[in-house]
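Mapping of the sequence shown onto our numbering: position 59 corresponds to residue 63, and the numbering continues sequentially without gaps.
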Amino acid sequence: MPPLQAFEPRFEREQGCTEAEWLGWLPGAVRDHAWRRTGPGQAHVEIDGGSLHLQWQELPPRRIALMCMPRMRVEYRFEGLDAHARSRFMQYFDLYMQRGGG
């Protein structure tokens, strides 16, 4: 795996997927960490004595010529995890969520 990247305790991203796809990938992305949906567009992941709160919202699709890509805004909020633990978790999470080219 590549070197660890730094992740702030709280950040937002745009994901190129539908909510159904996101929810289908989420169990694999969090590996063996316990997680649960806490409400519409929300989930909580237990990570080594800390946690990750996820909140998402579907956005209008991005259109480029004839291509139409679904989009979601996802907020990541870590609690009780140091920088190394956040980076270690996100390294696998990002690798699992990566789809398509490259």
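Just so it is clear, CB atoms sit at the ideal spot from N, CA and C, and this is done for glycine as well.
Between residue i and residue j, is the Cβ-Cβ spacing less than 8 Å?
i, j, result
"Pro-3", "Met-73", "Here the chain covers residues 5 to 106 and nothing more, so residue 3 does not appear."
"Gly-84", "Gly-53", "yes"
Residue i: buried (16+ other C-beta within 10 angstroms of its C-beta) or exposed?
i, result
"Arg-90", "buried"
"Ala-33", "buried"
"Phe-15", "exposed"
"Ile-51", "buried"
"Gln-19", "buried"
Locate the beta strand (DSSP E) running through residue i, then write down its first and last residues.
i, result
"Pro-31", "From DSSP, Pro-31 is part of no beta strand (DSSP E) but of the alpha helix (DSSP H) over 23 to 33."
In chain order, what residues of the same chain have a beta carbon less than 6 Å from the beta carbon of residue i, not counting five sequence neighbours either side?
i, result
"Pro-13", "Phe-82"
"Val-78", "Arg-17, Gln-19, Trp-60"
"Thr-42", "His-48"
With a threshold of 8 Å on Cβ separation, who are the neighbours of residue i within its own chain once the five nearest residues in sequence on each side are excluded?
i, result
"Arg-88", "Checking the sequence, you will find His at residue 88 rather than Arg. Leu-8."
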